[in-house]
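Before any comments, here is the structure.
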Amino acid sequence: MPSQQGSPTVRRLRLGQELRLLRERSKFTGAKAARELGWSPSKVSRIEAAKTMPSTDDIKAMAKLYRVDGEKIDELFGLLRDAEQRGWWEDYEDTLPGEYTRFLGLEAEATFQRAWEPQIVPGLLQTEDYAREVILASRGIARITHSGVRSRVEARLDRQQRVLHRSNPCALTVVLDESALTRRFGEPSVMREQMEHLLEISLLPHVSLHVLTLDSLHPVNTGAFIHLKFGDFDDVVYLEHLYTAHFVDDLERVAGYETAFSHIRSEALDEDESRVLIQRKAMLWRR
1 MPSQQGSPTV
11 RRLRLGQELR
21 LLRERSKFTG
31 AKAARELGWS
41 PSKVSRIEAA
51 KTMPSTDDIK
61 AMAKLYRVDG
71 EKIDELFGLL
81 RDAEQRGWWE
91 DYEDTLPGEY
101 TRFLGLEAEA
111 TFQRAWEPQI
121 VPGLLQTEDY
131 AREVILASRG
141 IARITHSGVR
151 SRVEARLDRQ
161 QRVLHRSNPC
171 ALTVVLDESA
181 LTRRFGEPSV
191 MREQMEHLLE
201 ISLLPHVSLH
211 VLTLDSLHPV
221 NTGAFIHLKF
231 GDFDDVVYLE
241 HLYTAHFVDD
251 LERVAGYETA
261 FSHIRSEALD
271 EDESRVLIQR
281 KAMLWRR
């Protein structure tokens, strides 16, 4: 079973956040700090946004400018060491979109995850065969090679083990639209196995699975999204599109997605009712 380790992605973000807070507490603007350090303003902003990794000398220079004491410097260097570690998802970075690998890095340290999926069974809950069929279905658009398909399936299964079956896993609440249970990917046997897998996963103590039926009121007309919550870091919402993906971290907008999810969840079946419906779908796929 995978061990739970700090995510280097989150450590990079925390390091940048800490450096930004130290600068602001020292009453430096980004431009003024850059002048004092002999850097370009873009270097300061990229370090604070976790788009550029600072060196140890960079940390020392910023700490001196911001008059940081020894204990805080040790904390910054600790974050830097963790940020330089390699995340498991980096083994797949040649075949996965960049924003998605960043999402995996954030997900690795999330304490709570909410997901709304109106079209397909979400990746965390997919069987190997279903995942392969979903990826193959997009090959005509994404132009994924055979090896790329294999790598993406492996990454999906690896992600499941590290998120769902790690020690102290995050709490996961998923709302699926009923249409995701009836849209076929592969042979009927693939769909039947997928339905049975959903039933099995739904029994995990940290997983809460709900189905929004087709005759239910759809309170929010929006596509799929994933809301990640952290113990000591601001929430993030992940949105995936045909060719791109992006993150929502504006607090007001994140709160809007949280409200939207609550509305969707309120109209969905409870866990037991959802399992009954999934069981019915599994029986239909036996025909």
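1 is the number of the first residue of the sequence shown in UniProt numbering; add one for each residue after it. The beta-carbon is built from N, C-alpha and C at its ideal position, and this holds for glycine as well. These figures come from a predicted structure and were not determined experimentally.
Expected contact under 8 Å - CB spacing of residue i and residue j to nearest Å
{"i": "R23", "j": "A50", "result": "No, R23 and A50 are not in contact; Cβ-Cβ is about 15 Å, not under 8 Å."}
{"i": "E178", "j": "V211", "result": "6 Å"}
{"i": "G87", "j": "G105", "result": "5 Å"}
{"i": "V175", "j": "W116", "result": "5 Å"}
{"i": "R159", "j": "L124", "result": "7 Å"}
{"i": "D58", "j": "I73", "result": "With a Cβ gap of about 12 Å, D58 and I73 do not count as contacting."}
{"i": "R275", "j": "R192", "result": "Actually they are not in contact, since the Cβ atoms of R275 and R192 sit about 15 Å apart, beyond 8 Å."}
{"i": "M62", "j": "L96", "result": "Between L96 and M62 the Cβ distance is about 32 Å, and since that is not below 8 Å, they are no contact."}
Sub-7 Å separation of residue i and residue j beta-carbons
{"i": "K64", "j": "L181", "result": "no"}
{"i": "Q194", "j": "T127", "result": "yes"}
{"i": "V237", "j": "H227", "result": "yes"}
{"i": "E133", "j": "G186", "result": "yes"}
{"i": "F225", "j": "L239", "result": "yes"}
{"i": "S216", "j": "E267", "result": "yes"}
{"i": "Q113", "j": "L172", "result": "yes"}
{"i": "V44", "j": "D129", "result": "no"}
{"i": "E151", "j": "Y92", "result": "In the sequence on display, residue 151 carries Ser and not Glu. In this structure, Y92 lies closer than 7 Å to S151 by Cβ."}
{"i": "V254", "j": "D235", "result": "yes"}
{"i": "I135", "j": "V121", "result": "no"}
Limits of the beta strand (DSSP E) - the one that residue i falls within
{"i": "T173", "result": "A171 to D177"}
{"i": "A282", "result": "A282 -> not in any beta strand (DSSP E); alpha helix (DSSP H) instead, spanning E271 to L284."}
Residues near residue i by beta carbon distance below 6 Å, same chain, minus five either side
{"i": "A131", "result": "V153 and R156"}
{"i": "D270", "result": "none"}
{"i": "I278", "result": "M195, L198 and L199"}
{"i": "S26", "result": "Y66"}
{"i": "W89", "result": "T101 and L104"}
{"i": "G231", "result": "T111"}
{"i": "L214", "result": "E178"}
Residue i, enclosing alpha helix (DSSP H) - first and last residue
{"i": "R25", "result": "P8 to R25"}
{"i": "residue 349", "result": "Outside the shown range of the chain (1 to 287) lies residue 349, about which nothing can therefore be said."}
{"i": "residue 366", "result": "Since the displayed the chain opens at 1 and closes at 287, residue 366 lies outside it and no answer follows."}
{"i": "P41", "result": "P41 to E48"}
{"i": "residue 289", "result": "Given that the chain is displayed from residue 1 to residue 287, the structure contains no residue 289 and the question cannot be resolved."}
Own chain, CB closer than 7 Å to residue i, minus 5 neighbours either side, in chain order
{"i": "Q4", "result": "Because Q4 carries a pLDDT of 41, less than 50, the predicted location of this residue cannot be relied on, and the following value inherits that uncertainty. Excluding sequence neighbours, Q4 sits near R166, S167 and N168."}
{"i": "A260", "result": "V220 and T222"}
{"i": "A83", "result": "P8, R11, R12, L15 and M53"}
Same chain, Cβ closer than 8 Å to residue i, neighbours up to 5 away in sequence not counted
{"i": "E18", "result": "E75, L76 and L79"}
{"i": "residue 293", "result": "The question about residue 293 has no answer here: the residues shown for the chain are numbered 1 through 287."}
{"i": "M1", "result": "With a pLDDT of 36 at M1, under the threshold of 50, the modelled position of that residue is not reliable, and no figure is offered here."}
Segments assigned beta strand (DSSP E), at least 3 residues, entirely inside the region 213–264
Residue ranges of uninterrupted beta strand (DSSP E) with 3 or more members, entirely inside the region 213–264 and ordered along the chain, are 225–229, 236–240 and 245–248.
Can you give, in chain order, each stretch of the beta strand (DSSP E) that sits fully within the region 81–160 and has at least 3 residues?
If only uninterrupted beta strand (DSSP E) runs of at least 3 residues are considered, those enclosed by the region 81–160 are 112–117.
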